[in-house]
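Residue numbers (our numbering): 246 to 666. A virtual CB, placed ideally from N, CA and C, is assigned to each residue, including glycine. One structure is given here, and the rest of the page talks about it.
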Ligand code: AMP
Ligand code: GLY
């Protein structure tokens with residue numbers, strides 16, 4: 246197939262890498278891609294979605310896969326479909342599950358999907374009144390997309406009220422904060438689950454855990470994610486079943502009733518409280534770096550899964566997973582997540598060790614390329630992935646690979662997967 250992938254991160258690199266490793270040959274294109282995706286396929290730069298759809302028609306692209314939420318919320322899937330193209334991702338209407346936290350919370354409430362008790366409001370009085378009924382910590386969320394920064398865990402009522410005022414006045418997140426969610430704090434352990442959906446059917450991938458904080462021991466500021474591992478032993482069959490019955494099935498049924506059948510990746514942020522999965526949030530795309538560890542765990546064809554999901558034929562295929570574990574360690578640039586850093590040359594040691602060669606690899610994210618040299622050129626630069634028969638083995642291998650990557654200012658957590666060890 247000729248396949249176009251939208252996005253430029255490690256997530257998109259890992260999807261392309263999995264497709265490039267399939268037995269069947271494919272031709273890959275990236276829009277815009279990064280300095281390393283050009284070794285998996287061809288990077289193109291057409292930012293207008295109508296122009297991109299025309300290009301895809303002319304090029305006879307068989308399948309387009311959308312990585313990040315931005316293009317989905319902007320309606321790229323609707324535009325491609327209107328042009329008769331096959332594309333994997335939710336429509337603009339369905340992407341509201343991520344694009345608007347108010348939409349998502351009201352959807353969860355309407356279809357009786359367990360979630361934190363909340364109020365959704367644009368009124369400061371109402372928000373304050375509800376805040377007074379909660380015990381701290383208190384969670385305050387901006388309605389719209391804020392690049393992963395729109396959630397404040399306030400340690401007391403005053404802090405919560407400051408966060409509410411700053412959001413509703415437009416001070417902290419502009420228009421994205423003009424409506425807020427105030428909700429109770431859930432105390433439990435967090436999981437990421439991913440269901441690949443075709444509107445009617447779904448395939449649930451292995452549960453992962455992300456590491457959102459910058460520093461070891463979950464300290465420091467929130468980031469997009471500093472590492473992940475899967476499958477997590479914190480999930481047993483019973484919990485998977487509860488997530489299917491209480492979250493995924495009612496969501497697919499509900500979205501059909503809403504006239505926005507869900508196709509694409511349903512990313513469920515779950516807090517497990519006393520053994521019960523409570524939905525924190527939905528995203529409508531793969532997590533990053535979760536995707537980088539889930540892709541190498543799939544032993545059946547990834548491109549076929551995405552193609553079947555885009556053509557409402559998921560029920561026809563059986564998706565297979567490796568029995569191994571995967572651990573991904575993010576290497577970030579010096580000033581991440583505060584500000585950008587000066588581009589730094591990346592030097593990779595030659596791999597001589599058979600284990601490293603066979604059981605580790607790198608998914609590239611914030612990198613640029615010039616005359617054959619790779620530069621660290623973004624916040625999260627790359628992800629070192631290790632595979633193994635145990636989580637510990639996978640983790641040790643990922644860290645062996647980290648030791649072979651050098652660039653000025655590189656930083657990474659040293660405790661990825663600690664929850665499982
Ligand atoms: P979100 O962007 O909604 O995923 O929120 C970001 C992070 O905030 C989540 O990954 C959780 O760690 C945390 N969080 C969000 N909502 C709650 C809640 N109700 N209780 C506890 N933690 C939460
Ligand atoms: N790693 C979490 C996210 O992609 O939102």
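Heavy atom of the ligand MG within 7 Å of residue 371 beta-carbon
Looking for the ligand MG in the displayed structure turns up nothing; the ligands present are the ligand AMP and the ligand GLY.
DSSP-derived helix/strand/coil call for residue 507:
By one-based count along the chain shown, residue 507 stands at place 262. Coil, per DSSP.
Which stretch, first to last residue, makes up the beta strand (DSSP E) that contains residue 255?
In the chain shown, the residue the question calls residue 255 occupies position 10. Not the beta strand (DSSP E): residue 255 falls in the alpha helix (DSSP H), residues 255 to 265.
Is residue 535 near the ligand GLY, judged by its Cβ being under 7 Å from some heavy atom?
As a first step, residue 535 is located in the chain shown; it is residue number 290 there, counting from the start. Flag set: Cβ of residue 535 near the ligand GLY.
Exposed or buried, residue 618, counting other C-beta atoms within 10 Å across all chains shown (16 or more means buried)?
If you number the chain shown from 1, residue 618 lands on position 373. The residue is exposed, with fewer than 16 neighbouring Cβ atoms inside 10 Å.
From 425, 284, 475, residue whose alpha carbon lies closest to that of residue 666
Along the chain shown, read from residue 1 onward, the residue named residue 666 stands at position 421. Measuring C-alpha to C-alpha distances from residue 666 to each of 425, 284, 475 identifies 475 as the nearest.
Take residue 636 and list the residues in its own chain whose beta-carbon comes closer than 8 Å to its own, dropping the five residues that flank it on each side.
On the chain shown, residue 636 is found 391 positions in, with the first residue counted as 1. Correct list, in chain order: 474, 478, 570, 572, 662, 665, 666.
Rounded to whole angstroms, what's the CA-CA distance from residue 597 to residue 579? Just pull it up for me.
As a position in the chain shown, residue 597 is number 352, starting the count at 1. As a position in the chain shown, residue 579 is number 334, starting the count at 1. Residue 597 and residue 579: Cα-Cα distance of roughly 28 Å.
Which first and last residues belong to the alpha helix (DSSP H) in which residue 371 is found?
Start at 1 with the first residue of the chain shown, and residue 371 comes out as number 126. In this chain, the alpha helix (DSSP H) harbouring residue 371 covers 369 to 376.
Tell whether a beta-carbon distance below 8 Å holds between residue 645 and residue 607.
Numbered from 1 along the chain shown, position 400 holds the residue referred to as residue 645. Numbered from 1 along the chain shown, position 362 holds the residue referred to as residue 607. Cβ atoms of residue 645 and residue 607: not closer than 8 Å.
So, helix, strand or coil for residue 454, using DSSP?
Here residue 454 refers to the residue found at position 209 of the chain shown. Strand.
Sequence-distant residues of the same chain with beta carbon closer than 6 Å to residue 323, five excluded per side:
Locating residue 323 in the chain shown gives position 78, counting from the first residue. Setting aside the 5 residues that flank it on each side, residue 323 is surrounded in the same chain by 336, 337, each with a C-beta closer than 6 Å to its C-beta; the list follows chain order.
Measuring CB to CB, does residue 257 end up less than 8 Å from residue 282?
In the chain shown, the residue the question calls residue 257 occupies position 12. In the chain shown, the residue the question calls residue 282 occupies position 37. In contact: residue 257 and residue 282 (Cβ atoms closer than 8 Å).
Grab the span of the alpha helix (DSSP H) containing residue 467 for me, first residue to last.
Position 222 of the chain shown, counted from the start, is the residue given in the question as residue 467. First-last for residue 467: 464 to 467, but that is the beta strand (DSSP E), not the alpha helix (DSSP H).
Bridge partners - residue 443, DSSP secondary structure assignment:
Locating residue 443 in the chain shown gives position 198, where the first residue counts as 1. Its beta-bridge partners are 508.
Less than 8 Å between the C-beta atoms of residue 255 and residue 534, yes or no?
Along the chain shown, read from residue 1 onward, the residue named residue 255 stands at position 10. Along the chain shown, read from residue 1 onward, the residue named residue 534 stands at position 289. In this structure, residue 534 lies closer than 8 Å to residue 255 by Cβ.
List the endpoints of the continuous alpha helix (DSSP H) containing residue 574.
Counting from 1 along the chain shown, the entry for residue 574 is found at position 329. Here residue 574 belongs to no alpha helix (DSSP H); instead the beta strand (DSSP E) covers 570 to 577.
Sufficient close CB pairs (3 or more, under 8 Å) joining the region 533 to 549 to the region 360 to 372
Taking 8 Å as the limit for Cβ pairs, the verdict is that the region 360 to 372 does not touch the region 533 to 549.
According to DSSP, is residue 360 helix, strand or coil?
Stepping through the chain shown from its first residue, residue 360 is reached at position 115. DSSP places residue 360 in strand when its eight states are reduced to three.
Quick check on the DSSP output: the beta strand (DSSP E) that includes residue 252 runs from which residue to which?
For the purposes of this step, residue 252 is taken as the residue at position 7 of the chain shown. Residues 247 to 252.
Kindly list the residues whose CB is nearer than 7 Å to the CB of residue 469, restricted to its own chain and excluding five residues on each side of it in sequence; keep chain order.
Taking the first residue of the chain shown as 1, we reach residue 469 at position 224. Cβ neighbours of residue 469 beyond the five flanking positions: 393, 533, 625.
According to the neighbour-count rule (16 or more other Cβ atoms, all chains shown, within 10 Å of its Cβ), is residue 592 buried or exposed?
To locate residue 592, count along the chain shown from 1; it is residue 347. Exposed, by the Cβ-count rule.
Tell me the residue span of the alpha helix (DSSP H) that contains residue 561.
Sequence index remark: in the chain shown, residue 561 carries index 316 (1-based). Taken as a continuous stretch (DSSP letters only), residue 561 belongs to no alpha helix (DSSP H), as it is neither H nor E.
Heavy atom of the ligand AMP within 7 Å of residue 430 beta-carbon
Taking the chain shown and counting its residues from 1, one reaches residue 430 at position 185. For residue 430, the CB falls within less than 7 Å of some heavy atom of the ligand AMP.
Cα separation between residue 612 and residue 657?
As a working note, residue 612 is residue 367 in the chain shown. As a working note, residue 657 is residue 412 in the chain shown. When rounded, the distance between both Cα atoms is 16 Å.
Between the alpha carbons of residue 387 and residue 365, how many angstroms are there, rounded?
The residue you call residue 387 lines up with position 142 of the chain shown. The residue you call residue 365 lines up with position 120 of the chain shown. Rounded to the nearest whole angstrom, the CA to CA distance from residue 387 to residue 365 is 10 Å.
I'd like to confirm something about residue 386: is its beta-carbon nearer than 7 Å to some heavy atom of the ligand AMP, or not?
Residue mapping note: residue 386 aligns to position 141 of the chain shown, counting from 1. The beta carbon of residue 386 sits closer than 7 Å to at least one heavy atom of the ligand AMP.
Assign residue 284 to one of three DSSP states: helix, strand, or coil.
Here residue 284 corresponds to residue number 39 of the chain shown, with the count starting at 1. If DSSP states are grouped into helix, strand and coil, residue 284 belongs with the helices.
Count the other CB atoms, across all protein chains shown, that sit within 10 Å of the CB of residue 341; report buried if there are 16 or more and exposed otherwise.
Translated into the one-based positions of the chain shown, residue 341 becomes position 96. With 16 or more other Cβ atoms within 10 Å, it is buried.
Three Cβ pairs or more, each shorter than 8 Å: is that satisfied between the region 327 to 334 and the region 398 to 418?
Flag = no, the region 327 to 334 and the region 398 to 418 do not touch.
Assuming residue 471 and residue 456 form a contact by the criterion Cβ under 8 Å, report the distance between their Cβ atoms to the nearest whole angstrom.
Counted from its first residue, the chain shown places residue 471 at position 226. Counted from its first residue, the chain shown places residue 456 at position 211. The Cβ separation is near 5 Å, so the contact holds.
For residue 528 and residue 343, believed in contact at Cβ under 8 Å, the rounded distance:
Looking up residue 343 in the chain shown gives position 98. Looking up residue 528 in the chain shown gives position 283. Between residue 528 and residue 343 the Cβ distance is about 5 Å, and since that is below 8 Å, they are a contact.
Assuming residue 273 contacts residue 552 (C-beta within less than 8 Å), just tell me the rounded distance between them.
Stepping through the chain shown from its first residue, residue 273 is reached at position 28. Stepping through the chain shown from its first residue, residue 552 is reached at position 307. No, residue 273 and residue 552 are not in contact; Cβ-Cβ is about 14 Å, not under 8 Å.
At a cut of 8 Å, does the region 493 to 506 reach the region 295 to 310 through at least three beta carbon pairs?
Cβ pair count under 8 Å is below three, so no.
Inter-residue CB distance, residue 361 and residue 428 (contact presumed, cutoff 8 Å):
In the chain shown, counting from the first residue as 1, residue 361 sits at position 116. In the chain shown, counting from the first residue as 1, residue 428 sits at position 183. Between residue 428 and residue 361 the Cβ distance is about 4 Å, and since that is below 8 Å, they are a contact.
For residue 648 and residue 639, believed in contact at Cβ under 8 Å, the rounded distance
Taking the first residue of the chain shown as position 1, residue 639 is located at position 394. Taking the first residue of the chain shown as position 1, residue 648 is located at position 403. That belief does not hold up - the Cβ atoms of residue 639 and residue 648 are roughly 15 Å apart, past 8 Å.
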